[in-house]
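Data block below; observations after.
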Amino acid sequence: RQDISKRLIDLQYERGDYGFHRGAWRVRGDIIDIFPAYEDTAVRLEFEQENLKKLSIIDPNTGKALSDLRSTLIYPAKHYMMDREKHAGVFGQIRKDLQRVVKNFKDAGKLLEANRVERRVTYDLEMIEEVGYVNGIENYSRYFDGRKSGDAPYTLLDYYKHNYGDDFLVVIDESHMTIPQIGGMYNGDLARKRTLIDFGFRLPSAYDNRPLKFEEFLRRTPKVLYTSATPANWELARAGKNGIAQQLIRPTGIPDPEVVVKPTEGQIPDLIREISERVKKEQRTLVTTLTKRMAEDLTSYLKDEGLKVQYLHSEVNTLDRTDILDQLRRGDYDVLVGINLLREGLDLPEVSLVAILDADKEGFLRSETSLIQVMGRAARHIEGKVIMYADNITGSMQRAIREVERRRLLQLDYNKNHNITPKTIVKPIREKLIDRGQVQETEPLLYGIERDVVNSFENLSPDGLTPRDRKNMILKLRRAMTAAAKDLNFELAAKFRDRVRQLESI
142 RQDISKRLID LQYERGDYGF HRGAWRVRGD IIDIFPAYED TAVRLEFEQE NLKKLSIIDP
202 NTGKALSDLR STLIYPAKHY MMDREKHAGV FGQIRKDLQR VVKNFKDAGK LLEANRVERR
262 VTYDLEMIEE VGYVNGIENY SRYFDGRKSG DAPYTLLDYY KHNYGDDFLV VIDESHMTIP
322 QIGGMYNGDL ARKRTLIDFG FRLPSAYDNR PLKFEEFLRR TPKVLYTSAT PANWELARAG
382 KNGIAQQLIR PTGIPDPEVV VKPTEGQIPD LIREISERVK KEQRTLVTTL TKRMAEDLTS
442 YLKDEGLKVQ YLHSEVNTLD RTDILDQLRR GDYDVLVGIN LLREGLDLPE VSLVAILDAD
502 KEGFLRSETS LIQVMGRAAR HIEGKVIMYA DNITGSMQRA IREVERRRLL QLDYNKNHNI
562 TPKTIVKPIR EKLIDRGQVQ ETEPLLYGIE RDVVNSFENL SPDGLTPRDR KNMILKLRRA
622 MTAAAKDLNF ELAAKFRDRV RQLESI
């Protein structure tokens with residue numbers, strides 16, 4: 142039994158007598174329960190005088206036995222494991238590289254960095270020697286894998302290549318967003334690692350614990366299917382004329398939405414009228430703005446007008462976003478105001494109107510791709526309509542409108558020729574896997590600070606803040622003070638200033 146316990150520690154399982162979770166094990170008398178990191182059930186080992194008597198599968202929550210086992214195989218709790226027999230050779234190479242790095246730092250007069258990297262690597266090697274792992278062991282993966290400096294890391298694509306050669310297909314969804322991210326992952330990782338290495342926090346081998354370079358990714362994916370409603374020029378050029386398939390016809394027969402351009406003068410009263418018409422029909426509306434401040438102010442104004450409106454922004458938790466979207470579909474809200482979240486992957490059949498404010502402001506949020514993606518949110522309803530509020534027709538607007546109208550004409554022509562009557566998508570609202578209670582209604586921020594916090598400054602006790610929270614609050618208040626002053630809101634800026642002084646005096 143002691144040998145099993147030691148081996149579980151080597152496999153990076155945690156002792157969890159009072160908190161049994163994946164990757165943990167516990168001891169209760171002559172019983173050892175193991176909860177594999179990759180299973181939904183646990184394994185129970187029952188001993189009698191140090192001899193294994195019974196092996197069974199149990200429910201980790203109740204401890205109830207589900208079935209008996211004759212044997213089982215327990216894999217490591219974490220990916221970063223290495224064979225102890227390889228320690229000597231690997232450690233020798235790491236120490237050799239460490240000596241070279243320390244010498245380079247000392248020659249450059251960087252004694253602090255030399256001492257830092259020497260202490261760090263020495264500690265890491267001692268931890269690996271004693272317990273088999275250390276936090277950050279992946280930064281030594283090049284040594285453990287037997288790779289040379291600069292070699293690409295092993296990925297899931299290598300598994301497919303090894304098993305199937307070139308006979309496998311990679312599907313890249315929303316390729317106009319995914320492809321740039323694949324190229325950017327390596328560059329972002331490189332910039333972060335360079336700082337760690339230059340200041341002596343890591344050996345240069347950390348460079349080789351990285352994402353694939355874009356060229357390496359392409360070499361490992363011989364057959365690729367790019368899917369996007371707005372493919373970029375790179376995908377189009379790579380596919381060629383004969384490699385592009387347009388899927389414009391929807392099973393429901395719903396065409397792309399009608400697009401209308403209206404002037405910005407009087408846009409808010411006009412928007413309220415349009416929303417009110419949808420409310421009467423029990424339909425929903427999405428409104429997209431350019432900035433968080435505009436979205437906050439618009440949300441507050443629409444609420445004052447008696448509309449049921451919610452604000453979806455990047456600071457809302459991911460799970461709360463899903464709940465907010467479900468509440469919109471159920472009718473708890475009539476309007477959802479957002480900035481850059483009302484785009485890809487949002488499937489809301491109840492939405493019949495998409496309003497785009499400041500559509501003529503060229504930029505990332507009003508590019509051809511962004512406009513087409515936002516307009517597509519109204520393509521699930523037979524009365525789908527898009528209103529662009531703009532005083533000028535930009536090139537992006539012109540191209541986006543032209544593309545949507547091209548698709549719409551083809552779809553309407555197809556429906557006419559095949560006697561198809563469009564039908565709105567019927568999509569049930571999914572039951573929650575976990576009841577997380579009522580989602581708190583999101584209050585718009587005021588210069589980056591929650592309105593209720595601003596309104597209750599007098600009642601906010603600084604003693605209830607940790608030193609770190611107090612420091613973060615001071616930074617937020619300073620930024621808010623500057624923003625309020627620039628906005629000529631001097632009364633609120635003074636309020637922020639006084640609060641900063643109070644927090645700094647503690």
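Just so we're aligned, residue 142 is where the sequence shown starts under the working numbering, counting upward by one. Ideal Cβ positions, reconstructed from N, Cα and C, are used throughout, including at glycine.
{"Query": "Euclidean distance between Cα positions of L427 and N280", "Result": "45 Å"}
{"Query": "Distance between I390 and L616 (C-alpha atoms, nearest Å)", "Result": "52 Å"}
{"Query": "Backbone CA spacing between A520 and I395 [nearest angstrom]", "Result": "7 Å"}
{"Query": "Cβ pair L487, L466 closer than 9 Å", "Result": "yes"}
{"Query": "Short Cβ contact (9 Å threshold) for D158 with R167", "Result": "yes"}
{"Query": "Rounded distance between the beta-carbons of A183 and D171, thought under 8 Å", "Result": "No, D171 and A183 are not in contact; Cβ-Cβ is about 17 Å, not under 8 Å."}
{"Query": "C-alpha gap between E259 and H220, whole angstroms", "Result": "26 Å"}
{"Query": "DSSP bridge partner residues for K403 (one or two, in chain order)", "Result": "Y530"}
{"Query": "Anticipated Cβ contact below 8 Å, P398 with V527, distance rounded", "Result": "5 Å"}
{"Query": "Bridge partner(s) assigned by DSSP for L344", "Result": "According to DSSP, L344 bridges with nothing at all."}
{"Query": "Own chain residues within Cβ distance below 8 Å of T368, not counting five before or after", "Result": "V312, I313, D314, E315 and S316"}
{"Query": "V492 burial status per 10 Å Cβ neighbour count (16 or more: buried)", "Result": "buried"}
{"Query": "Among V365, I278 and L353, the one whose alpha carbon lies nearest that of D307", "Result": "V365"}
{"Query": "Beta-carbon spacing of D499, T405 below 9 Å", "Result": "yes"}
{"Query": "Close beta carbons around E155, own chain, < 7 Å, minus the five adjacent residues each side", "Result": "G164 and A165"}
{"Query": "Beta-bridge pairing of W166 - partner residues as DSSP gives them", "Result": "R156 and I175"}
{"Query": "Cβ pair I235, Y284 closer than 9 Å", "Result": "yes"}
{"Query": "L616: CB within 8 Å of a non-hydrogen atom of the ligand NAP", "Result": "In the structure on display, the ligand NAP does not appear, and there are no ligands present to speak of."}
{"Query": "Spatial distance of L207 from E270 (CA atoms)", "Result": "38 Å"}
{"Query": "Bridge partner(s) assigned by DSSP for E189", "Result": "N192"}
{"Query": "Closest by C-alpha distance to L353, when choosing among D292, F340, V400 and G381", "Result": "D292"}
{"Query": "Closest by C-alpha distance to K403, when choosing among I534, Q322, L214 and K557", "Result": "I534"}
{"Query": "Contact under 9 Å by Cβ, L633 with R611", "Result": "no"}
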